[in-house]
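Asker: Residue numbers (the working numbering): 20 to 166. Note that CB positions come from ideal geometry on N, CA and C, so glycine has one too. Below is one structure. I have some questions about it.
Written out as structure tokens, the structure reads:
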């Protein structure tokens with residue numbers, strides 16, 4: 020999924036935020052901050068940039084990778100990796116809770132690249148009793164009335 024974005028057309032402030040965020044994360048890991056903690060902090064800052072700049076998280080991820088001067092294919096792969104990681108998290112939470120996952124559910128979750136949807140599903144994965152219930156709360160989904 021290649022977002023329709025050009026790093027060099029962004030405001031200098033946003034370019035600086037994205038490149039600076041990567042430098043801070045790299046520095047934190049270099050001085051010994053545990054990797055998981057550094058990545059969690061990095062992701063929190065990307066979410067904040069996403070919110071403030073009205074960009075989807077995958078767009079911020081893509082731009083961040085471009086800010087690092089990565090090859091186009093690598094930048095796209097890095098942005099896609101965010102969605103893949105979130106999809107994996109949804110499935111792992113369901114599995115850890117012993118919620119049965121059908122092939123259709125597995126496919127729907129792993130095929131999704133929308134981070135907002137995957138985040139909503141991840142939040143629901145902690146409470147649903149059936150994997151299919153992840154999709155029942157989707158915007159625009161008509162639910163049957165209760166008897």
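(1) Mind reading off the beta-carbon distance from residue 138 to residue 105? Whole number of angstroms is fine, and I expect it under 8 Å.
(2) Under a three-way DSSP split, which group does residue 47 fall into?
(3) Is the distance from the Cβ of residue 116 to the Cβ of residue 154 below 9 Å?
(4) Quick one: Cα of residue 52 to Cα of residue 109, how far?
(5) Please state the DSSP three-state secondary structure of residue 130.
(6) First and last residue of the alpha helix (DSSP H) that includes residue 145?
(7) What three-state label does DSSP hand residue 120 in the structure shown?
(8) Measuring straight from C-alpha to C-alpha, what distance separates residue 74 and residue 50?
(9) Return the chain-ordered list of same chain residues with a C-beta closer than 8 Å to the C-beta of residue 57, the five sequence neighbours on each side being excluded.
(10) Using alpha carbons as the reference points, say which of 103, 54, 63, 121 lies closest to residue 136.
Answerer: Quick look at the numbers:
(1) Looking up residue 138 in the chain shown gives position 119. Looking up residue 105 in the chain shown gives position 86. Yes, they are in contact, since the Cβ atoms of residue 138 and residue 105 sit about 7 Å apart, within 8 Å.
(2) The count along the chain shown starts at 1 and reaches residue 47 at position 28. Three-state DSSP puts residue 47 in a helix.
(3) Taking the first residue of the chain shown as 1, we reach residue 116 at position 97. Taking the first residue of the chain shown as 1, we reach residue 154 at position 135. Result no, Cβ atoms of residue 116 and residue 154 do not sit closer than 9 Å.
(4) Position 33 of the chain shown, counted from the first residue, corresponds to residue 52. Position 90 of the chain shown, counted from the first residue, corresponds to residue 109. Approximately 27 Å between the Cα atoms of the pair.
(5) By 1-based counting over the chain shown, the position of residue 130 is 111. Note: residue 130 maps to helix in three-state DSSP.
(6) The residue you call residue 145 lines up with position 126 of the chain shown. Neither: residue 145 is in no alpha helix (DSSP H) and is coded neither H nor E.
(7) One-based indexing of the chain shown puts residue 120 at position 101. Three-state DSSP puts residue 120 in coil, outside helix and strand.
(8) Locating residue 74 in the chain shown gives position 55, where the first residue counts as 1. Locating residue 50 in the chain shown gives position 31, where the first residue counts as 1. Going from the Cα of residue 74 to the Cα of residue 50 covers about 31 Å.
(9) Start at 1 with the first residue of the chain shown, and residue 57 comes out as number 38. The residues are 44, 47, 48.
(10) As a working mapping, residue 136 is identified with position 117 in the chain shown. Answer by Cα proximity: 103.
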